[in-house]
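Asks: After the structure tokens below, expect a handful of questions from me.
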Amino acid sequence: MPKLIVREGGGSREIALGAQATIGRQPDNEVVLADPNSSRRHAAIVLDDGGYYLQDLGSANGTRVNGARVSRQLLAIGDVVQIGAASLLFAEDEPQADPAYAATVMGMPAFVAPAAPAPAPIPLVHSEPAAPAASAG
């Protein structure tokens, strides 16, 4: 489930997203902003057809995604929404401690480094036994 990381006024907070979240200055929004450049109901993020869309709700100062002004935009993980001086990072929520998930990353098996190669075998050298030394007599 995605989340928003809201950076505003030198602080940051995380907000888990459900099917819909409104953003603005009014206290009944899911994401409340203190910035006077944000409208009371500035924008909404809505789950639609399997994706999260940012919708500007007719705000006076507009809404930007990755620097471009938008009215409606499908969000991708890593997108940055700018509303006034606040920035909202659209991010993937961290998975819960699930042993099945811990063994995978993005649905792929975890990388396991191959074992170090075995040392090269030491060749055995066969030599003929030395002849007994002749005794001087």
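Going by the numbering used here, the first residue of the sequence shown is number -1, and it counts up by one from there. Note that the Cβ used here is the ideal one computed from N, Cα and C, for glycine as well.
#1: To which residues of the same chain is Gln24 closer than 8 Å at the C-beta, ignoring the five residues directly before and after it?
#2: Whose CA, out of Leu15, Asp33, Gly65, lies closest to the CA of Ala42?
#3: Using 10 angstroms around the beta-carbon of Glu6, count the other beta-carbons present and answer buried if the total reaches 16, otherwise exposed.
#4: Would the beta-carbon of Asp46 fall within 7 Å of that of Val63?
#5: Could you check if Ile81 is buried or exposed, using at least 16 other CB atoms within 10 Å of its CB as the buried criterion?
#6: With 16 as the cutoff for other CB atoms within 10 Å, does Gln71 come out buried or exposed?
#7: Using alpha carbons as the reference points, say which of Ala32, Ala84, Glu92 lies closest to Met(-1).
#8: Give every residue of the same chain whose Cβ lies closer than 8 Å to the Cβ of Ala58, excluding the five residues on either side of it in the sequence, and list them in chain order.
#9: What number of angstroms, rounded off, separates the C-alpha of Asn27 from the C-alpha of Ile13?
Replies: Checking against the coordinates, here is how it stands:
#1: On the sequence shown, residue 24 is found 26 positions in, with the first residue counted as 1. Around Gln24: Val30, Arg38, Arg39.
#2: Here the question's residue 42 lines up with position 44 in the sequence shown. Looking at the Cα atoms, Leu15 is the closest of the given residues.
#3: Reading the sequence shown from its first residue, position 8 is the one you call residue 6. Glu6 comes out buried.
#4: Counting from 1 along the sequence shown, the entry for residue 46 is found at position 48. Counting from 1 along the sequence shown, the entry for residue 63 is found at position 65. It is not a contact, given that the beta carbons lie outside the stated cut-off.
#5: Working through the sequence shown from its first residue, we reach residue 81 at position 83. The residue in question, Ile81, is buried, as its Cβ has 16 or more Cβ neighbours within 10 Å.
#6: Here residue 71 corresponds to residue number 73 of the sequence shown, with the count starting at 1. Buried.
#7: Reading the sequence shown from its first residue, position 1 is the one you call residue -1. Cα-wise, what sits closest to Met(-1) is Glu92.
#8: One-based indexing of the sequence shown puts residue 58 at position 60. The residues are Ser37.
#9: The count along the sequence shown starts at 1 and reaches residue 27 at position 29. The count along the sequence shown starts at 1 and reaches residue 13 at position 15. Straight-line Cα distance between these residues: approximately 12 Å.
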